[in-house]
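Chemist:
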Amino acid sequence: MPNVRELADSDFASTFRLLTVFAYGTYADYLAEARNLPLLTEAQKNKLRHLSVVTLAAKVKCIPYAVLLEALALRNVRQLEDLVIEAVYADVLRGSLDQRNQRLEVDYSIGRDIQRQDLSAIAQTLQEWCVGCEVVLSGIEEQVSRANLHKEQQLGLKQQIESEVANLKKTIKVTTAAAAAATSQDPEQHLTELREPAPGTNQRQPSKKASKGKGEKINPQSSVKPSAK
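Each residue of the sequence shown is one higher than the last, beginning at 8 in the numbering used here.
(1) Do residue 112 and residue 102 have their C-beta atoms closer together than 9 Å?
(2) How many Å lie between residue 20 and residue 83 at the Cα?
(3) What is the DSSP secondary structure of residue 55, counted as helix, strand or coil?
(4) Contact between the stretch 62-76 and the stretch 122-138 is defined here as three or more beta-carbon pairs at a separation below 8 Å; is this criterion met?
(5) So residue 31 and residue 56 are in contact, right, with Cβ under 8 Å, and what is the actual spacing, rounded?
(6) Tell me the rounded alpha-carbon separation between residue 134 and residue 147.
(7) Go through its chain and collect everything with a Cβ distance to residue 38's Cβ below 7 Å, but skip five positions before and after it.
(8) Report the option in 144, 96, 85 and 143 whose CA atom is closest to the CA atom of residue 106.
(9) Let me know the secondary structure DSSP gives residue 139 once reduced to three states.
(10) According to the neighbour-count rule (16 or more other Cβ atoms, all chains shown, within 10 Å of its Cβ), is residue 225 buried or exposed?
(11) Between the Cα of residue 117 and those of 52, 132, 100 and 126, spot the shortest distance and give me the residue it belongs to.
(12) Where does the unbroken beta strand (DSSP E) through residue 101 begin, and where does it stop?
(13) Assign residue 110 to one of two classes, buried (16 or more other C-beta atoms within 10 Å of its C-beta) or exposed (fewer than that).
(14) In three-state terms, what does DSSP make of residue 112?
(15) Does DSSP put residue 70 in a helix, in a strand, or in coil?
(16) Taking the straight line between their C-alpha atoms, what separation do you get for residue 46 and residue 89?
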């Protein structure tokens, strides 16, 4: 803002510089110019330390305790851990303290203001991100195309199998119907065929013994004459 920038050339130049440190800088920047800047209260120092942790977290997500102790000008690990816990409760960042490995693991941190000289680096980062997105998108499109081709092949195979199954069912149906027609007969006709002999066969002749019986007529000419006395 123009009215704020005018403070840089006024009697409040030191205050403007301190504002710049809180907007873009770190606690180390304040210490480097502490003689020319207003004094800070403990709350203000802790606030600037929180922002300094955010600046470090923007570059790396696992920050060793040694780096934090030096950047924040703290004397021991207890002070460092208390400061990080305060930052977490203030929703400045979210993460965990790895006491075993002596490091801070950051999952999330707030954003800070950027300066004009940072725009080129941000643009470069975004450009690289866009290139990466294009590569991923190209890979996805290739996989989609491959999946569609596989789907078409499977559909064609399915139609072929269904056609073969339909033809096989039709063939089985026709064959079964023909076999049933060949083996099925009228029951009365079948019974008649069993009772009547087949044409061209000789009927059985009754025997002479069976032809003789009671009441058989005798030819008179064949009678026996009486004998002479």
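Built from N, CA and C at the ideal position, the CB exists for glycine as well.
Modeler: Taking the definition as stated:
(1) Taking a C-beta distance under 9 Å as the contact criterion, residue 112 and residue 102 qualify as a contact pair.
(2) So the alpha carbons of these two residues sit roughly 34 Å apart.
(3) In the structure shown, residue 55 sits in a helix (DSSP, three-state: H, G or I).
(4) Here the stretch 62-76 does not lie against the stretch 122-138, with fewer than 3 beta-carbon pairs under 8 Å apart.
(5) Not really, about 15 Å apart at Cβ, beyond 8 Å.
(6) Their Cα atoms are separated by approximately 20 Å.
(7) Result list for residue 38: 80, in chain order.
(8) The shortest C-alpha separation from residue 106 is found at 85.
(9) If DSSP states are grouped into helix, strand and coil, residue 139 belongs with the helices.
(10) Low confidence applies to residue 225: its pLDDT is 47, below 50, so where it sits in the model is not reliable, and the reading given next is rough at best. A residue is called buried when at least 16 other Cβ atoms come within 10 angstroms of its Cβ; residue 225 does not meet this threshold and is exposed.
(11) Comparing Cα positions, the closest option is 100.
(12) 100-105 is the extent of the beta strand (DSSP E) around residue 101.
(13) Within a 10 Å sphere around the beta-carbon of residue 110 sit 16 or more other beta-carbons, which makes this residue buried.
(14) When DSSP states are grouped into helix, strand and coil, residue 112 belongs to the strand group.
(15) In the structure shown, residue 70 adopts extended strand secondary structure according to DSSP, grouped into three states.
(16) Those two C-alpha atoms are separated by around 23 Å.
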